[in-house]
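Residue numbers (my numbering): 4 to 366. Report on the structure given below.
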Amino acid sequence: SSKATTSLKATTLTSTRRTFHAMHKFERNPNLYTQHLRRCQNDITSFRLCSSSSSTEQESTPSSINNQESNSVNEEQQQQQQQQEPQIIHKVEGLCAVYKPLDWTSNDVVSYIRGILERDARNRGITLAKRRSKKSKKKIKVGHGGTLDPLAEGVLVLGVGSGTKILRDYLSGAKSYKATGKLGFETNTLDLEGNVTKNALYDHVTNEKIEDVLPKFTGNIMQVPPIFSAIRKDGKRLYERARDGMTEDDVLIDAREVEVHQITYIEDTEEGLPSFGLDVQCGGGTYIRSLIRDIGYELDTVATMTSLVRTQQGPFTLDDVLLKDDWNADTIYAAVERSNLALAQEVDDEEESNNGEEAFCAS
Numbered sequence: 004s005s006k007a008t009t010s011l012k013a014t015t016l017t018s019t020r021r022t023f024h025a026m027h028k029f030e031r032n033p034n035l036y037t038q039h040l041r042r043c044q045n046d047i048t049s050f051r052l053c054s055s056s057s058s059t060e061q062e063s064t065p066s067s068i069n070n071q072e073s074n075s076v077n078e079e080q081q082q083q084q085q086q087q088e089p090q091i092i093h094k095v096e097g098l099c100a101v102y103k104p105l106d107w108t109s110n111d112v113v114s115y116i117r118g119i120l121e122r123d124a125r126n127r128g129i130t131l132a133k134r135r136s137k138k139s140k141k142k143i144k145v146g147h148g149g150t151l152d153p154l155a156e157g158v159l160v161l162g163v164g165s166g167t168k169i170l171r172d173y174l175s176g177a178k179s180y181k182a183t184g185k186l187g188f189e190t191n192t193l194d195l196e197g198n199v200t201k202n203a204l205y206d207h208v209t210n211e212k213i214e215d216v217l218p219k220f221t222g223n224i225m226q227v228p229p230i231f232s233a234i235r236k237d238g239k240r241l242y243e244r245a246r247d248g249m250t251e252d253d254v255l256i257d258a259r260e261v262e263v264h265q266i267t268y269i270e271d272t273e274e275g276l277p278s279f280g281l282d283v284q285c286g287g288g289t290y291i292r293s294l295i296r297d298i299g300y301e302l303d304t305v306a307t308m309t310s311l312v313r314t315q316q317g318p319f320t321l322d323d324v325l326l327k328d329d330w331n332a333d334t335i336y337a338a339v340e341r342s343n344l345a346l347a348q349e350v351d352d353e354e355e356s357n358n359g360e361e362a363f364c365a366s
């Protein structure tokens with residue numbers, strides 16, 4: 004304690020001496036005293052400004068923190084609302100018709116359209132499951148209502164979203180085709196895609212003879228499907244057996260009953276026989292390739308289909324289809340919406356007609 008007291012006295016004495024010397028210096032030179040006062044005033048002003056700015060920062064910091072916290076809370080609330088709100092994967096659900104291009108399979112069209120709608124959904128901020136994922140609620144759903152062969156073109160009905168559930172109605176529904184055939188040869192696929200397996204003379208065939216045999220192929224008839232078809236036989240599709248090298252002689256293909264409503268003969272005015280044309284209206288499951296093959300057999304020759312255009316499937320005609328150049332998300336959804344309105348109107352008209360008939364019968 005004595006050492007601390009001595010140190011304090013020494014410090015006080017030193018400070019007193021410095022103050023005395025400063026006062027003595029200022030007395031000898033008053034200008035120095037004036038400059039000293041000015042420096043002190045400037046130091047005090049600077050100190051006050053620094054104190055004021057620091058206090059302002061201290062006061063503003065809590066408010067800025069509060070603002071950041073409130074903004075983060077709002078963002079979290081918005082994210083929670085977005086998670087709670089159901090995401091609209093398909094803008095519109097239902098049916099539409101597209102024009103299947105030549106050399107495309109029906110599944111090619113489905114995959115292409117699905118890709119367009121998937122990109123649209125992702126652009127709208129929707130996270131989709133993978134196509135093979137079991138989370139079906141997070142997937143774009145597209146299907147077709149009746150296979151068209153790669154060498155066929157025309158009306159292909161598609162289902163989008165919940166519309167895929169009613170496509171089966173179009174598998175068995177009415178269809179119309181324009182087909183051309185050629186006499187004198189037959190291929191293993193019954194169209195120009197296959198290899199020639201049979202040849203026969205056709206000089207005895209005339210346009211009149213072709214027209215005469217057509218009534219035999221109208222109504223309910225028995226038809227043997229082509230071996231190049233998607234029909235299952237003993238758990239395996241026929242075209243898989245054909246690709247394994249099997250022929251119609253190796254596989255017993257059962258005949259099936261199909262319905263052909265009407266066949267109109269179209270004479271080929273450009274080439275003439277052996278080429279000819281047919282306008283066919285039929286039910287689901289009818290193979291036009293098999294029909295032309297059987298017409299050739301009935302004429303004591305052979306024939307092969309050379310082209311096929313589906314002109315109608317159910318209520319959809321060539322006037323309703325979207326061409327490939329017009330395939331985009333907006334036009335597809337717009338087509339689905341138009342067809343939904345048209346189909347709803349048909350249902351209303353049918354109900355009004357039925358009600359009118361009931362009222363007439365009651366009277």
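Ideal placement from N, C-alpha and C gives every residue a C-beta, glycine not left out.
The C-beta separation of Lys219 from Glu96 comes to about 44 Å, leaving the pair out of contact by the 8 Å criterion. Asp257 carries a coil assignment under DSSP once its states are collapsed to helix, strand and coil. Counting along the chain, Gly280 sits inside the beta strand (DSSP E) bounded by residues 278 to 285.
Taking 8 Å as the cut-off, the beta carbon of Val312 is found no closer than this to the beta carbon of Lys144. Distance from Glu189 to Ala306 at the Cβ level is roughly 7 Å; contact confirmed, criterion being Cβ atoms closer than 8 Å. Here the stretch 156 to 166 makes no contact with the stretch 124 to 138; the two share fewer than three CB pairs at distances below 8 Å. Note that the C-beta distance between Thr221 and Ile266 is below 8 Å.
The Cβ neighbour count for Ser165, taken over all protein chains shown within 10 Å, is under 16; the residue is labelled exposed. Looking at the backbone, the Cα of Leu241 and that of Gly128 are separated by about 43 Å.
Leu276 places its beta carbon 8 Å or farther from that of Tyr268.
In the displayed model, Thr320 falls within a strand according to three-state DSSP. One thing to note: Thr314 has its Cβ within 8 Å of the Cβ of Ser179. A direct Cα-to-Cα measurement between Leu325 and Glu211 gives close to 38 Å. Linking Ala203 to Leu186 through their CA atoms gives a straight-line distance of about 8 Å. Of Met308, Thr304, Asp303, Gly287, the smallest CA-CA separation from Leu294 is found for Met308. Taking the Cα positions, Asp328 is about 14 Å away from Ala100. Scanning Gly287, Phe279, Gln284 for the CA closest to the CA of Arg296 turns up Phe279. If you ignore the 5 residues before and after Val113, its C-beta comes within less than 8 Å of the C-beta of Val145, Gly146, His147, Leu161, all in its own chain and listed in chain order. A direct Cα-to-Cα measurement between Arg341 and Ser109 gives close to 22 Å. DSSP links His147 through a beta bridge to Leu161. Scanning its chain for C-beta atoms nearer than 6 Å, with the 5 sequence neighbours on each side dropped, one finds around Gln284 the residues Ser179, His264, Gln265, in chain order. Taking a 10 Å sphere around the C-beta of Gln226, we find 16 or more other C-beta atoms and assign the residue as buried. Excluding sequence positions up to five before and after Glu121, its CB lies within less than 8 Å of the CB of Leu131, Ile143, all in the same chain and listed in chain order.
Met225 has Glu260 as its beta-bridge partners, per DSSP. Burial of Ile230 is indicated by the presence of at least 16 other C-beta atoms within 10 angstroms of its C-beta.
Each residue's CA atom was taken as its position, placing Leu98 and Gly299 some 37 Å apart. Excluding the 5 residues flanking it on each side, Leu105 has same chain C-beta neighbours closer than 6 Å at Glu156, in chain order. By the criterion of a C-beta distance shorter than 6 Å, Gln90 is surrounded in its chain by Ile129, once the five residues flanking it on both sides are discounted. When the beta-carbon positions are compared, Thr304 and Val208 come within less than 8 Å of each other.
Residue state for Leu170 is assigned as coil, using DSSP reduced to three classes.
Taking Tyr102 as the centre and dropping the five residues before and after it, the same chain places the C-beta of Glu156, Gly157, Val158, Leu159, Leu321, Val324, Leu325, Leu326, Lys327 closer than 8 Å to its C-beta, in chain order. Between Val350 and Val163, the gap from beta carbon to beta carbon reaches 8 Å or more. Between the alpha carbons of Tyr115 and Lys201 lies a gap of roughly 37 Å. Per DSSP, reduced to three states, the secondary structure at Leu346 is helical.
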